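Number of protein chains: 2
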Amino acid sequence: MTASGSPTQGAQEASQEKAQAGSKPRVRDRLVEAASDLFYQQGINCVGIDAIVCEAGTNKMSLYRNFASKDELVVQYLKEREKETFARWEEVTAAHPDDPRAQLVALFEHIVEIGHEKAHCGCPSANAAVELRGTEHPALEVIYAGREKVRGYVSDRLRAAGARDPETLTDGLMLLLEGALMSRLTFREKQWPANSMVANMKALLDAELGPAAAD
Amino acid sequence: MTASGSPTQGAQEASQEKAQAGSKPRVRDRLVEAASDLFYQQGINCVGIDAIVCEAGTNKMSLYRNFASKDELVVQYLKEREKETFARWEEVTAAHPDDPRAQLVALFEHIVEIGHEKAHCGCPSANAAVELRGTEHPALEVIYAGREKVRGYVSDRLRAAGARDPETLTDGLMLLLEGALMSRLTFREKQWPANSMVANMKALLDAELGPAAAD
DNA sequence: GTAGGATGTTACTGACCGGTAACACCCCTC
DNA sequence: GAGGGGTGTTACCGGTCAGTAACATCCTAC
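Chains as they are written, first to last, in our numbering: chain A, 15 to 229; chain B, 15 to 229.
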């Protein structure tokens, strides 16, 4: 198991530093990365332990020494993806300090942009929610918490921008966001409706905040 | 279901019921119905042939006499769901003849309503698209065609209502729709953002068509 | 150089998967 | 009453799945 208070933690961190300086990262990180790629591209239920282990260039025993089960690896996969996503969002919004409306527009533009990348397969959390529906998988809590965080991220900026009814507008933007990511899988790329997402988003913003100074 | 008695008994009883009702006692229909329930609730990849066969009160051989493979059963499942959905939509819009705007509002209200039903698990097609991504499953074509049909359904009504830019607005409504269905799985029910979908939809309609005569 | 932790190797379990073969039955039609 | 089509029963196939045991090897800190 991955006991958090293991007496060897100090040694582990030390070797990790060395490993990062060298070529190969620790097995645990390689496993999460391999799982992340495969789970995202093919789906959690379609990817077996053997495939992950092979992709990570290791073996099953090393996986089960680092993770109690496949479920735990799935949880880690989603947490990692979420962390990366918010890091990217912070970069995007940092370009528009003290302008919450511009931050949101930039964010939505960014999402449309990455939606056009070749390997894009929608939202990892949403896909996982679909695959794990009807179960009591521990990853579901991670997904719910992640969506609440996203909602807060949007809601805070709408309030700061002076929305009259920020809750309703937040819901609207959440629907656009969720729809944009999912429709990459339900539509052919040329018909992807998110190509018009920013226009529709601005229509909602204008109705609530008044037209922007400059778009 | 299989509460008491052998599977054989159950199958015979079901056949007799269907025969008495007048429709054909086809195993095929029972299989599609059972597959529809299980695929929708638990997911295509989580439901095995044995479970479907058991739920339908029949056996594997009868399944493979009616369908070439599980894939073909999946295709049939999605086609059936789509047919049922459009039938319900026709009922909903029929209440507002010659008022395309009111038809769309009623449609969206209807979708929010059924989203609150206990057994609701999002959109069958979207869920399937997630589960089958990265494959060449024949059901993907069914999904794409279905989405195009929905888009046409919305687009026709927006044009009839006199939208200035019907394509962009159609995309916006498609995103709301897709987002509403998916977010039933990514949010806890109390935080479901589609509870504000109709308000946001009307904001988009008002911006394009002008305020409605009466809402 | 040695001890100990991290990693690799092989082989295995028991369950489940989609799909098939061979045969038996039942009921409707002619 | 003789078919024949639709259906049920049983047993099986090869493959994959998540997870484990026992043992071998490597690397690094001391």
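The C-beta atom is built at its ideal place from N, Cα and C for all residues, glycine as well. Predicted model only: the values in this text are computed from it and were never measured.
Less than 8 Å between the C-beta atoms of A/PRO114 and A/ALA194, yes or no?
no
Measuring only the C-alpha atoms, how far is B/CYS60 from B/PHE53?
Near 8 Å, if we compare the C-alpha coordinates of B/PHE53 and B/CYS60.
My parser needs the alpha helix (DSSP H) runs of 4 or more residues fully inside the stretch 28–96 of chain B; what are they?
Entirely contained in the stretch 28–96 of chain B, the alpha helix (DSSP H) runs reaching 4 residues are, in chain order, 41–56, 63–69, 74–80.
Any beta carbon of chain A sitting closer than 8 Å to that of B/THR99?
no
Test: A/ALA35 CB closer than 8 Å to a CB of chain B
Annotation note: pLDDT 35 at A/ALA35 (below 50); position unreliable, coordinate value reported separately. A/ALA35 does not count as touching chain B.
Quick one: residues in its chain with C-beta nearer than 7 Å to the C-beta of B/ARG173, no 5 flanking neighbours on either side, listed in chain order?
PRO180
DSSP state of B/SER20 mapped onto helix, strand, coil:
Residue confidence is low: B/SER20 scores 35 on pLDDT, short of 50, so the model does not pin down where it sits. Its coordinate-derived value is still stated next. The answer is coil: DSSP assigns B/SER20 none of H, G, I, E or B.
Please report the residue range of the alpha helix (DSSP H) in which A/ARG198 lies.
180–200
With the cut-off set at 8 Å, would you say A/MET188 and B/SER197 are in Cβ contact?
yes
Nearest-angstrom Cα separation, counted from B/SER50 out to B/ARG95
8 Å
Could you check if A/GLN232 is buried or exposed, using at least 16 other CB atoms within 10 Å of its CB as the buried criterion?
Given that chain A is displayed from residue 15 to residue 229, the structure contains no residue 232 of chain A and the question cannot be resolved.
With three or more beta-carbon pairs closer than 8 Å as the criterion, would you say the stretch 97–110 of chain B touches the stretch 57–71 of chain B?
At 8 Å Cβ cutoff, the stretches do not touch.
Taking C-beta pairs closer than 9 Å, name the residues in chain B that A/VAL89 reaches, listed in chain order.
Ordered by position in chain B, no residue passes the 9 Å Cβ test against A/VAL89, which lies about 16 Å from the chain.
Using a threshold of 8 Å, state whether the C-beta atoms of B/GLY186 and A/ASN214 are closer than that.
Note that the C-beta distance between B/GLY186 and A/ASN214 is below 8 Å.
Would A/THR149 be called buried (16 or more neighbouring beta carbons within 10 Å of its own) or exposed?
If you draw a 10 Å sphere on the C-beta of A/THR149, you find fewer than 16 other C-beta atoms in it, and that means exposed.
Compare the C-alpha of B/LYS163 against each of B/ALA142, B/GLY57, B/GLU47, B/LYS97 and name the closest.
B/LYS97
Confirm the yes/no value for this check: CB of B/PRO180, any heavy atom of the ligand COA, distance under 7 Å.
The ligand COA is absent from the structure shown, which contains no ligands of any kind.
When Cβ atoms are compared, which residues of the stretch 202–216 of chain A fall closer than 8 Å to chain B?
ARG202, GLN205, PRO207, ALA208, ASN209, SER210, MET211, ALA213, ASN214
Would you please state the rounded distance, in angstroms, between the beta carbons of B/LEU87 and B/VAL156? I believe it to be under 8 Å.
Not a contact, Cβ separation roughly 12 Å.
Buried or exposed (CB count within 10 angstroms, at least 16 for buried), B/ARG40
exposed
Could you work out which residue in B/GLN55, B/ILE128, B/HIS151, B/ASN80 is closest to B/ASP43 when comparing CA atoms only?
B/ASN80
Among B/GLY224, B/LYS74, B/ARG202, the one whose alpha carbon lies nearest that of A/ARG165
B/ARG202
Residue closest to A/GLY136, alpha-carbon to alpha-carbon, out of B/TRP206, B/ASN141, B/LYS204:
B/ASN141
Beta-carbon spacing of B/LEU218, A/ALA217 below 8 Å:
Yes. Within cutoff.
B/GLY224 to A/THR184, Cα distance in whole Å?
CA-CA distance, B/GLY224 to A/THR184, rounds to 23 Å.
The stretch 160–192 of chain B: which residues have C-beta closer than 9 Å to a C-beta of chain A, in chain order?
GLY160, ARG161, GLU162, ARG165, ASP179, GLU181, THR182, LEU183, THR184, ASP185, GLY186, LEU187, MET188, LEU189, LEU190, LEU191, GLU192
Alpha-carbon spacing of B/THR182 relative to A/LEU190, whole angstroms:
13 Å
Could you give the distance in angstroms between the alpha-carbon of B/TYR158 and the alpha-carbon of B/HIS151?
12 Å
For B/GLU105, which of helix, strand or coil comes out of DSSP?
helix
With DSSP collapsed to three states, give me the class of B/ASP112.
coil
Is any beta-carbon of chain A found at less than 8 Å from that of B/PRO225?
no
Residues that B/LEU218 contacts on chain A, provided the C-beta gap is smaller than 9 Å:
Correct list: GLY186, ASN214, ALA217, LEU218, ALA221.
Which chain A residues sit within Cβ distance under 9 Å of B/SER50?
The premise fails here: B/SER50 is roughly 15 Å from chain A at the closest Cβ pair, so nothing lies under 9 Å.
What residues in the stretch 72–84 of chain B bring their beta carbon closer than 9 Å to a beta carbon of chain A?
Of all residues in the stretch 72–84 of chain B, none has a Cβ within less than 9 Å of some Cβ in chain A.
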